[in-house]
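Notes to accompany the following structure.
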Amino acid sequence: MLRSLVRGPAASLFPAAAMASYYATSHGNATTRNESSVGFVRQPARAIIANPDAFAAKLGRMAADGPSQLLVIADFDYTLTPYHTPTGEHAHSCHGIISGSGFLGHEFQAKANALFQQFYPIEISPLLTQDEKEPHMVQWYSMTANWSAHIWSY
């Protein structure tokens with residue numbers, strides 16, 4: 001499913017992972033390591049970049065800004081943050097914290113909330129199969145990426 005999600009303007013939401021892969025593949029003999037029954041097997045690192053010019057501009061900006069300005073958000077599945085607050089309420093996801101903070105402006109907050117109200121019930125519905133949910137999740141992701149691309153682009 002992720003392959004179908006990370007394309008076009010939406011790919012700009014994943015600059016850190018793409019940057020690491022791009023940097024590795026553009027600097028010579030980079031390899032990734034996959035564990036096998038006999039140890040680690042080296043394989044060429046690889047990245048598919050939908051818009052190389054836009055990516056190069058973003059990569060240049062990230063390099064110029066330095067590591068102190070890089071923020072990677074990767075806790076979409078509550079592996080690092082709690083699922084419930086100390087009072088027992090459902091905690092926000094990492095994306096929910098940002099969209100609810102107001103940091104990105106009231107327009108972003110309102111649109112993010114409207115999309116959440118529309119699509120989250122589908123995401124958690126026990127009545128739908130994964131195959132039935134997937135097109136809605138792709139639509140949610142695509143809509144968010146389309147109207148927020150200006151925030152993430154440099």
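Residues in the sequence shown are numbered from 1 upward in steps of one, following the working numbering. For every residue, glycine included, the Cβ atom is placed at its ideal position computed from N, Cα and C.
In the DSSP output, what is residue i paired with across the bridge?
i	result
H90	H84
Under 6 Å Cβ to Cβ from residue i, same chain only, skipping five residues before and after it: list those, please.
i	result
A56	none
M137	none
N146	none
Could you pull out every residue in the same chain whose Cβ sits closer than 7 Å to the Cβ of residue i, ignoring the five residues on either side in sequence?
i	result
W140	L115 and F119
Q109	S99, G100 and G102
S26	Caution is warranted here: a pLDDT of 45 is assigned to S26, below 50, making its placement in the model unreliable, and no coordinate value can be reported.
With a threshold of 16 other CB atoms inside 10 Å of the CB of residue i, please say whether the residue is buried or exposed.
i	result
S101	exposed
L59	buried
S99	buried
A11	Low confidence applies to A11: its pLDDT is 40, below 50, so where it sits in the model is not reliable, and the reading given next is rough at best. Buried is the call here.
S68	exposed
Q130	exposed
Flag this pair as yes or no: are the beta carbons of residue i and residue j separated by less than 9 Å?
i	j	result
A112	T85	no
K133	S142	no
Determine whether the Cβ of residue i lies closer than 9 Å to any Cβ atom of chain D.
i	result
I122	The structure shown contains no chain D, having only a single protein chain.
If you compare alpha carbons, which of the options is closest to residue i?
i	options	result
P135	H90, N146 and I122	I122
V72	H95, A64 and A47	H95
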